[in-house]
Amino acid sequence: MKSEYTYQVGDEIRTVRVQRNGDGFVVTVGDSIYEVRAQRPEHGRLNLQVGDQRLRAYVASEGQRRYVAMAGKTWELERPKPEQKRRANAAGGPGAGSLESSMPGLVLDVLVSAGDAVERGETLVLLEAMKMELRITAPAGGTVTGVRCKAGDVVDRGQVLVEIASDDG
Amino acid sequence: MKSEYTYQVGDEIRTVRVQRNGDGFVVTVGDSIYEVRAQRPEHGRLNLQVGDQRLRAYVASEGQRRYVAMAGKTWELERPKPEQKRRANAAGGPGAGSLESSMPGLVLDVLVSAGDAVERGETLVLLEAMKMELRITAPAGGTVTGVRCKAGDVVDRGQVLVEIASDDG
Amino acid sequence: MFRKILIANRGEVAVRIIRSCQELGIRTVAVYSDADANALHTMLADESVPVGPAPPSQSYLCGDCILEQALRLGCDALHPGYGFLSENADFAQSVIDAGLTWIGPDPAAMRTMGSKTSARAAMLAAGVPVVPGYQASQDDADLLGAAAELGFPLLVKATAGGGGKGMRIVHRDADLPAALASARREARSAFADDRIYLEKLIASPRHIEFQVFGDRHGNAVHLFERECSIQRRHQKIIEETPSPLLGADLRRRMGEAAVAAVRAVGYVNAGTLEFLVDPASGDFHFLEMNTRLQVEHPITEQVTGVDLVKLQIRVAAGQPLPFRQEDMGQRRHAIECRIYAEDPANDFLPSIGKVLRAVEPVGPGVRVDAGITTGDEITIHYDPMIAKLIALGENREDAVRKMDWALQHYVILGVTTNIPFLRAVITSDAFRQGDVTTDFVDRHFADWQPSTKAPPDMALVAAALAELLEGEAQGAGAGPTGEPQGDDPLSPWRQATGFRLGER
Amino acid sequence: MFRKILIANRGEVAVRIIRSCQELGIRTVAVYSDADANALHTMLADESVPVGPAPPSQSYLCGDCILEQALRLGCDALHPGYGFLSENADFAQSVIDAGLTWIGPDPAAMRTMGSKTSARAAMLAAGVPVVPGYQASQDDADLLGAAAELGFPLLVKATAGGGGKGMRIVHRDADLPAALASARREARSAFADDRIYLEKLIASPRHIEFQVFGDRHGNAVHLFERECSIQRRHQKIIEETPSPLLGADLRRRMGEAAVAAVRAVGYVNAGTLEFLVDPASGDFHFLEMNTRLQVEHPITEQVTGVDLVKLQIRVAAGQPLPFRQEDMGQRRHAIECRIYAEDPANDFLPSIGKVLRAVEPVGPGVRVDAGITTGDEITIHYDPMIAKLIALGENREDAVRKMDWALQHYVILGVTTNIPFLRAVITSDAFRQGDVTTDFVDRHFADWQPSTKAPPDMALVAAALAELLEGEAQGAGAGPTGEPQGDDPLSPWRQATGFRLGER
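Residue numbers (the numbering used here), protein chains in the order written: chain A, 1 to 169; chain B, 170 to 338; chain C, 339 to 842; chain D, 843 to 1346.
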């Protein structure tokens, strides 16, 4: 039995192939082949053995997202949805962008309107969250092409607040 | 939906009935009825609420055995197998017994033979395990009716080593 | 001694206080908002009661709601923790008027020392140098005039402030009105008090504070300093003691000033005097006093061997301090790192979500004061600090290495944290050399970004094997459909952690 | 300093040593038997190599196998931990002959002090009082004659012994031959050395030991005492420091005797001198020396602030002791409880099985040195001690309460432990009053049995809700068959923890 799993890492799609091999596994990542023994001593933890090295990995998942903590670092991976997988190598370049809320919060004020020219670093939206006032600033100079929120809105993480056409597009 | 679970506690069979009730549960144990809210924040842990009291319970299972750690204590419960359930209230009284190995080990020596009269506390079998020499002693005076192991045997926990007919039977 | 204490707080400090109460054999009552119905502190207390909806103003800041529960459940004392109502003298008074003991200073001392402005006045009277500032009026025109006199850059600070909330650096005249408005909004939201004042900005100062304690028998001591210079957005993130640059003489002089301040106002229970120290001249200026337990109190506990929460409870019960100044010493070196749910790649904005897994480091010299555990939700409503990690080493170098070890072994999955940033700071040459001033992060880590290196192959191997093995473990329980499904986007793995049912 | 250290041990002590090495920036190599392929210590080390089958004689006691790996992997030092090869002077010599550093005393000192018989002779020569005994011959006839002279009751002890293994109390002449045979068998199995000797049994003594340290520069210190009187079957189960009954004068005299012993044999690195103290007269007698790190070393670390493992490594690397005797003091009170996988209801016989869940207590003043974690197997092959729980309190009373708290919050499911027994001892009046002699357990807890009270209703409620909720969580991942199944004896719950695959 052979299983194949794909993960999106930055713009790249990486494929991992897993095949049982006696008590262990042969795992292929790109051109590299690893002989791995794996044990799952409890939910969300793996003990791995590769040569003389043992690794303890903690794993968790939420939707398409995968988390792996290993050797003092934490990695966040994304299982691409089928349509993303097809599009991944044709990602749009810079030039047009939208500003998303970095976290859920209450919109205190929107300081720009469609058509405004904005400079890099200029505050566009004031947000309140976790007892702090947060300023959402322009990542680059450009022109506001759309405003998607208003004062008093409660917005979610990832929600588009303002759309900007970038100067260097 | 109503679910029913039975547990053997000592000689007694106890039945727990669980019924959903809005966000929580109504749970009946014998004559007592509890309104409980329960949340399962992770595998093997429950957060319970009964009135003003919150309890964190760790749970685990192995075969028919159930473990519950709660409020500083650990409890071991047994899910009876169907035939046990029927027999539970007709358990045999004292009079005849068998001596089981309390842990896996290597039999070093068997000091009795069938027909021997033994006193309470008399050593019947020498076992070696975990770098220690263990003495399996008679729990009560009686007559040995059978010996089920010999020196050099590797025995499992729960394996019958010696059978004894008790004096006070 | 008290029989039952209500803890008017949440998160790691509530957990910390419950611990000490349980060790003293005192029953505990936890309070919780609707958002915290399953939070860790509610699980550990003997009783837990709801006090209102998620917004703090309607729950943890609702003194009446909390006091009502304390009376209903027969509590004889109340511990406020830090933040929320802990520096609210009116609430302290109402607790006392209701016949309960307030585990903290007297309301009168809280009023004098808790307000930044009257504390400055009191310290001036006691002969302790204070940072130049203006606190006479709340009127914008007066403030603009005073600012011109003080000169720029200057700080706008909340009178009731703490933790950097309501604080703004202003570099020029034109920016002041907007800064005043913004600081007032934040102060009102955080402290229900929008008063602000101005303070001269000392360039590259060191922030050093002294832990003090007074009892009702006229005794007052200090428990040495905490170096709190490593800050980000005026929020302390790393504290240590002893301070790497405080000499014996300056330590003695600052300690004496701290004790003099305690005596001057007849201060009882735990408090902290914050000073700014000019690294060039060695001059120190009083900055403010916190009339409560401090977030970073554990490092003092580690080097002095005193349990500050138990001492607070004993002193509140009328017992004298069990030691004199000359009995106390600092031993070894302690460092605390504050673990925040925030995204270092995204301007350190708070991150929220479900903690899919939390594994705390354990071992000699490592202490974790955590407010969350696996399965908890980090919500928008409260401070994003989720835990404090404290390392006690034989010396500073040893404590730094131990902290690095502990940070590497602190696993938090599902919510982005500042752990990579803390590791970068802790292991930097600048930090190792003890070059710590309040602008340390700006000077050395302004452009810091977490590594964007692709994950090593082994992380991908672990992820893939997890899909396979977790999937099979799931499938094994439910009949004949457990066949591993390869690249199925609906992998059962995700179900294992996403499941919840019957919860409030 | 060393670059790479091989740790020739397993379990909690291997984990403990790896920790200190990693904090010092030294790479580590773990060794493991087939039974330990997935044990905790193998996961934490930088490299892990198999050294043989499960029986210790073929793996952890196989010095050649271990040394071969140390050489193959380029290690420059070897730490033996305690037990196994740690007191084997021949092995130490072969490590040194192979060009590696032995992190421990010189083989000559190990031979003198490690053997119970020559150590007794050396101590007599140094003027330190020793317990009367007989060690001249291994011949049964000689031993029977000597026993008659010493008088009964007496102790049969293994020359290479430790941890109560190979030790027997003999009350009358007739029982001696059987005791000799049994002790020899156990000693041979545990230490590969079946020599025994006889010692007079002191009635109700206190067992007090002193931690000592020597360096290669002629310095020698002691790090105060450990009270180790609470024993069961000659195995320490609870240790504390300071000793509740040791006065300043006796402490000083015993400490001086300990340092004199270190100097007399030119002892280098960590060691422990064990004394029996007669509670009536206050006389102390040398009992034996352990020429290695001691299981209970953490309590000394907690009250002195010294990391003994790091100090062992530094001294082995040739560094001088970083402190003098007069710099050292005891601060606060530390207690250690040894957590054993054993069944208090079944004569404390070892229990084995899979640890379905291990949750360690955390918090101020609590330290856990554990050798196991969730999912590990406790096997028949090794010592049943799975963890050490250490509480540091402001004083003895505080440490006792903290220990009780920590024991209550240590969750181990799947394997029976002695935690209920430890709690019973810790909270007993006799222990609280400090009435601790080596026959404490026999005097106060001989007939102790764990409570047989039926579980409270809430435990049954939790079990039933777990069947329901764990079952649903399982079912949720695997298609349409996830309907809860009530009293189904094949509840999916059991699958969730029983699953393993692809493991070695």
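Ideal Cβ placement from N, Cα and C applies to all residues, glycine included.
In this text, all values refer to a predicted model and were calculated from it rather than measured experimentally.
Whole-angstrom Cβ separation of residue i and residue j, contact assumed at under 8 Å?
i: C:R761; j: C:D780; result: Actually they do not touch by this definition, with Cβ atoms about 19 Å apart.
i: A:R37; j: A:G51; result: Not really, about 10 Å apart at Cβ, beyond 8 Å.
i: D:I1050; j: D:V1119; result: 5 Å
i: B:V198; j: D:L1302; result: 5 Å
i: A:H45; j: A:Y34; result: The sequence shown places Arg at residue 45 of chain A, not His. Contact flag wrong, Cβ pair sits at about 19 Å.
i: B:V294; j: B:C318; result: 7 Å
i: C:I343; j: C:I364; result: 6 Å
i: C:G401; j: C:L423; result: 6 Å
i: D:E1202; j: C:V700; result: 6 Å
Out of the options, which one is the CA nearest neighbour of residue i?
i: C:V847; options: C:D665, C:T579 and C:A457; result: There is no way to answer for residue 847 of chain C, as the model of chain C reaches only from 339 to 842.
i: B:D325; options: B:L275, B:I305 and B:E288; result: B:L275
i: C:S542; options: C:A608, C:V774 and C:L362; result: C:V774
i: C:G452; options: C:V600, C:A408 and C:S619; result: C:V600
i: D:M1310; options: B:R183, B:W244, B:Y176 and B:V187; result: Met is not the amino acid found at residue 1310 of chain D; the sequence shown has Leu there. When each option's Cα is compared against that of D:L1310, the closest is B:V187.
i: D:L1043; options: D:V973, D:I1228 and D:T1083; result: D:V973
i: A:T145; options: A:A71, A:D153 and A:E163; result: A:E163
i: D:D1189; options: B:A334, B:T243, B:T306 and B:V329; result: B:T306
i: D:A1288; options: D:L1234, D:V1267 and D:A940; result: D:V1267
i: C:I677; options: C:L344, C:E350, C:A346 and C:I343; result: C:E350
i: D:T1258; options: D:E910, D:A1241 and D:R1199; result: D:R1199
i: C:V606; options: C:M381, C:Q787 and C:G442; result: C:G442
i: A:R54; options: D:D888, D:L903, D:P892 and D:S899; result: D:D888
i: D:F1066; options: D:T1294, D:F1117, D:V1208 and D:A856; result: D:F1117
i: C:T712; options: C:L536, C:Y748 and C:E680; result: C:Y748
i: C:G556; options: C:D372, C:R544, C:V597 and C:R341; result: C:V597
According to DSSP, simplified to helix, strand and coil, what is residue i?
i: D:R852; result: coil
i: A:A91; result: Caution applies to A:A91, whose pLDDT of 35 falls short of 50 and renders its modelled position unreliable; the model cannot decide the point.
i: B:Q253; result: Low confidence applies here, because B:Q253 scores a pLDDT of 49, under 50, leaving its location unreliable; read the following figure in that light. Three-state result, B:Q253: helix.
i: C:A784; result: coil
i: C:N426; result: coil
i: C:G401; result: helix
i: D:K1295; result: coil
i: C:E735; result: helix
i: C:P827; result: Any answer about C:P827 is weak, because its pLDDT of 36 lies below 50 and its placement is not dependable; what the coordinates show is given next. Residue state, collapsed to three classes: coil.
i: A:T41; result: A small correction: the amino acid at residue 41 of chain A is Pro; Thr does not occupy that position in the sequence shown. The answer is strand: DSSP assigns A:P41 an E or B state.
i: D:K1244; result: helix
i: C:G820; result: A caution first: C:G820 carries a pLDDT of 31, below 50, which makes its placement in the model unreliable, though a value can still be read off. Reduced to three states, the DSSP call for C:G820 is coil.
i: A:R14; result: strand
i: C:T642; result: helix
i: D:R1093; result: helix
i: D:M843; result: coil
i: A:S101; result: coil
Any chance the CB of residue i is under 7 Å from a heavy atom of the ligand FAD?
i: D:V1151; result: This structure does not include the ligand FAD; it has no bound ligands of any sort.
Name, going along the chain, the residues of the region 33 to 58 of chain A whose beta-carbon falls closer than 8 Å to a beta-carbon of chain D. Within the region 33 to 58 of chain A, R37, A38, Q39, R40, P41, E42, H43, R45, N47, Q49, D52, Q53, R54, L55 and R56 place their CB atoms closer than 8 Å to a CB of chain D, listed in sequence order.
With a floor of 4 residues, list each alpha helix (DSSP H) that falls wholly inside the region 435 to 482 of chain C, ordered by position along the chain. For the region 435 to 482 of chain C, the continuous alpha helix (DSSP H) assignments of 4+ residues that do not extend past its boundaries occur at 445 to 452 and 454 to 463, in sequence order.
Which residues of the region 1124 to 1141 of chain D have a Cβ closer than 8 Å to any Cβ of chain C? Give them in chain order. With the criterion set as a beta carbon lying under 8 Å from some beta carbon of chain C, the members of the region 1124 to 1141 of chain D are P1140, in sequence order.
Using a Cβ-Cβ cutoff of 7 Å, what residues of the region 367 to 398 of chain C are near chain A? List them in chain order. Those residues of the region 367 to 398 of chain C that come within reach of chain A (Cβ to Cβ, closer than 7 Å) do not exist; the list is empty.
Can you pull out the residues from the region 1206 to 1233 of chain D whose beta carbon lies closer than 9 Å to at least one beta carbon of chain A? For the region 1206 to 1233 of chain D, which is checked against every Cβ of chain A, the residues closer than 9 Å are T1215, T1216, G1217 and D1218.
Note down, one range per segment and in chain order, each beta strand (DSSP E) of at least 3 residues found wholly within the region 663 to 715 of chain C. When DSSP assignments are scanned along the region 663 to 715 of chain C, the uninterrupted stretches of beta strand (DSSP E) that are 3 or more residues long and fall wholly within it turn out to be 671 to 678, 695 to 697 and 704 to 708.
Which residues, taken in chain order from the region 103 to 126 of chain A, show a beta carbon closer than 7 Å to some beta carbon of chain C? Here the close residues are M103, P104 and G105.
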